[in-house]
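Right, one structure below, let's go through it.
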Amino acid sequence: MPISGLTDWTCNDHLGRPDRQINTMLFRFVTALTPGQKQLILLLIDMLLIPMSLFLAIGLLRPWVALDAGALFALLPLILCLACAGAVYAHLLRLPRIKLNAYEMQGLQLTAIYAVLIGMTAGLSAPVLVTQAPMRMVDGQVLTVFTMILLILGATVRVAMRAILIRIYRRHSGCKRVLIYGAGKTGLQLAAALKNDDSMIPIAFIDDNPAQHGRMVEGLPVYGPMKLERLMTERRIDRVLLAMPSIPRARQNQIAHRIEKAGGEVRAVPSFAALLSEGSLLDRIQPIDHDTLLGRKGLEAALVSTGGVYAGKVVMITGAGGSIGSELARQLLANAPRKLVLFELSELALYQVERELAELDAATRFEIVAVLGSVTSENAVRRTIRDHGVEVILHAAAYKHVPLVETNPLEGLRNNVLGTKVLADVARDEGVTDFLLVSTDKAVNPRNVMGASKRLAELVVLDLAARSDATRFTIVRFGNVLGSSGSVVPLFEEQIARGGPLTLTHEEVTRYFMTIGEAARLVLVSGSLNDDGGVFVLDMGQPVPIRMLARRMIEAAGYTVRDDDNPDGDIEIAVTGLRPGEKLHEELVRGSAELMPTGHPKILQTSETGLSELEVAAAIKALRQALEEGDPDRAFQAIARFVTDYRAAPRGGVTLSGRVVPPQTP
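The sequence shown begins at 621 in the working numbering and counts up by one.
In structure tokens, the structure reads:
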């Protein structure tokens, strides 16, 4: 049997086409009315209710009196008098000005006062104005009933008009049909608030308390949790509002997972007291602040200046759809390049970043061009640079996820090393003035294939920098970026949303962190610091213990850490062991490298020597042969030969997903 008896204000999504057209016409008519016109309509309705109430009172108490034309003529002076008095009383009480969506107890009180005043006026004027029999039977008894009927009709008309208007607005807006899980104080307050909301319509309550089942609360029925899935299906529920802020987190998570499994959205609602308290509103509704996670303040925008190096230039960003590439593109909007060329391998990522930039730069001060292609394709790269007259290249395209590159070394080396070689060579040949490589701290004393591949890319660029006069080659090296795809923060956020545990590879592991905005700003500044290029290192501050980061994220989300000191906590932090190629602590410079200050307090320059031209050529030749043969062993031998500080990890371990990779020997 289907569940019935539910309040069901139909949303626009569930209307047939004729009904939708009628509702649209009504919506346009209502919204076209000015406030003055709406007040006039209410006033006229109040005037019309006066004779209706009088006739009903006479008909109820004096049914033998015929209300013919003669009777109406005899009552006309009284009706006109009461209509005029009603207009004056309504104006003094501001009755037409009361918004229908706010017509609650105060509105009802004013309507009662209005009806009583009309009744008193009728009592005083009827003996004078109604002189013809049998209308002289309009006595005190009739006028008392008249007053009561006028009150009832006045309140009923306003409540009915409010319901009709809410129905029209909800149908037009495509509102969401919601269940409220929890018929306690928070649930009741939420249901009352939703009565005047156009975007959501409450259908019923769900409550764990059996004593509540079958009751009507706030005009809505209350059901038990066993009927949740059935209600969601039969009543076409879009969203469930979890209005039980005091229950344990584990129980909230259990309910949320059940709702999501049934195909619905779930939103947790804090108590109204919590919303009004000083601190908890921010904790509830604001995203986790990255500066709070890092335990330091972010960089001041005033410190950032690119010296106009990008103004009026054609700038090409590779990997433009990635975390760093897309942020570089966003920040370049303020630097007024002549043209921005977005070069990206992923069609979806390119579409998304192009659309976002078009919206951010609605005035279209400069041209934005989206190009699909791979940096490993010399033809695609050369054609793009020639066709658009590229003057500056920001090379952010790379495979950067350590576990994935560790288990797919050949493709990682092809993209990160050969792609950089192809792009840098074409940039020099085509007369590009500036080439900037975005590198990583994992290129310093690398212990994984990704880090070694980025070190080889650095060596390629250092070689060209030593031999090129027309093109300035620059390398910018920094650590982890908070919030980038695949980084630890989004991973921890997903794990928190699932109720944990948060996976930590080692108790003592630390990482350098910077926000995406900080990193992109400093990358752009690094490209303008001097005329000779070089290797720049961003000041990342102090390394952050990942366990501390995990704890801060759990607490910022409103949970507690479950450990030996707090066995009743919400979310556990589990140690899984270091993955292949993962270091406990990252480094930003090589041991013997000297760090020198630059014109920016957060950017340092390091003096590093690279390989000779012949050594770089030999490394690229050996790597190409290994890739052509599909031979990982030869690729590892090439890395070990030319990246002398590379220490290969055992070829096996646990990946991010927890899958065990069988050990291999390079």
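No residue lacks a Cβ here, since even glycine has one placed at the ideal position from N, Cα and C.
Just so it is clear, the structure is predicted and the values come from calculations on it, not from any experiment.
For residue j and residue i, the rounded distance between their alpha carbons
i	j	result
G899	A1176	Low confidence applies to G899: its pLDDT is 44, below 50, so where it sits in the model is not reliable, and the reading given next is rough at best. Taking the straight line joining both Cα atoms gives about 12 angstroms.
R778	P841	24 angstroms
V750	M781	34 angstroms
P683	L676	10 angstroms
T1229	P1187	53 angstroms
V1145	T1060	17 angstroms
L1122	T1180	12 angstroms
R1199	D1253	20 angstroms
A742	L687	18 angstroms
E1207	V1064	6 angstroms
V1037	H1015	12 angstroms
I881	K1062	The sequence shown places Lys at residue 881, rather than the Ile named in the question. K881 and K1062: Cα-Cα distance of roughly 40 angstroms.
R958	P1110	35 angstroms
Q761	M836	37 angstroms
L902	G1119	Low confidence applies here, because L902 scores a pLDDT of 32, under 50, leaving its location unreliable; read the following figure in that light. If you take the alpha carbons of L902 and G1119, they lie about 21 angstroms apart.
T996	K1074	15 angstroms
N829	T806	15 angstroms
S943	A1085	27 angstroms
L770	A735	6 angstroms
V1058	E967	22 angstroms
L715	P865	39 angstroms
I988	R1171	42 angstroms
L763	L674	8 angstroms
A956	D1089	26 angstroms
P697	M740	16 angstroms
A922	S946	Because A922 carries a pLDDT of 37, less than 50, the predicted location of this residue cannot be relied on, and the following value inherits that uncertainty. The straight-line gap from Cα to Cα measures roughly 22 angstroms.
P1221	L1030	38 angstroms
R1182	E1113	17 angstroms
Exposed unless 16 or more other CB atoms sit within 10 angstroms - verdict on residue i
i	result
P963	In the sequence as presented, Pro is not what sits at residue 963; that position holds Phe. F963 comes out buried.
A710	buried
F766	buried
S1227	exposed
G884	buried
Q872	buried
F1055	buried
I1191	buried
D1251	exposed
N1100	buried
P655	exposed
Y1266	buried
G746	Per the sequence presented here, residue 746 reads as Ala, with Gly not at that position. Buried.
A1072	buried
E1128	exposed
T776	exposed
E1026	buried
H877	exposed
D827	buried
L1158	buried
Q1245	exposed
V758	buried
K1041	buried
A812	exposed
K1020	buried
Sheet register partners of residue i (DSSP bridge)
i	result
I826	Y801, Y843
E1192	R1182
T938	F963, H1015
I665	In the DSSP output, where bridge partners are listed per residue, I665 has none listed.
I821	R797
Cβ-Cβ separation, residue j to residue i (assumed contact under 8 angstroms), whole Å
i	j	result
G706	I678	Contact flag wrong, Cβ pair sits at about 18 angstroms.
G1032	V1069	6 angstroms
I800	A863	5 angstroms
M1216	L1204	That belief does not hold up - the Cβ atoms of M1216 and L1204 are roughly 28 angstroms apart, past 8 angstroms.
T1091	V1052	6 angstroms
A1255	A1268	With 8 angstroms as the limit, A1255 and A1268 do not qualify as a contact, their Cβ atoms being about 11 angstroms apart.
A824	L851	6 angstroms
V973	V1010	Going by Cβ atoms, the distance from V973 to V1010 rounds to 18 angstroms, so no, they are not a contact pair.
Cβ of residue i within 8 angstroms of any chain D Cβ
i	result
A1242	No chain D is present in this structure, which holds just one protein chain.
Any non-hydrogen atom of the ligand ADP within 7 angstroms of residue i CB
i	result
R878	Ligands are entirely absent from the displayed structure, and the ligand ADP is therefore not among its contents.
Which runs of the alpha helix (DSSP H) fall wholly inside the stretch 1017 to 1079 and span at least 4 residues, in chain order?
Taken in chain order, the whole alpha helix (DSSP H) runs of length 4 or more contained in the stretch 1017 to 1079 are 1022 to 1027, 1029 to 1033, 1039 to 1049.
3 or more residues per run - each beta strand (DSSP E) lying fully within the stretch 1100 to 1184:
1100 to 1102, 1122 to 1124, 1133 to 1135, 1154 to 1158
Pick out the complete alpha helix (DSSP H) segments inside the stretch 1207 to 1269, 4 residues or longer, and give them in chain order.
1233 to 1249, 1252 to 1262
Suppose only complete runs of 4+ residues qualify. What are the alpha helix (DSSP H) ranges in the stretch 843 to 889, listed by chain order?
848 to 854, 869 to 881
At what residue ranges does the stretch 957 to 1013 contain a whole run of the alpha helix (DSSP H), taking only runs of 4 or more?
Qualifying alpha helix (DSSP H) stretches, in chain order: 967 to 980, 998 to 1008.
So within the stretch 724 to 783, which uninterrupted alpha helix (DSSP H) runs reach at least 4 residues, ignoring any that extend past its ends?
Listed in chain order, they are 725 to 749.
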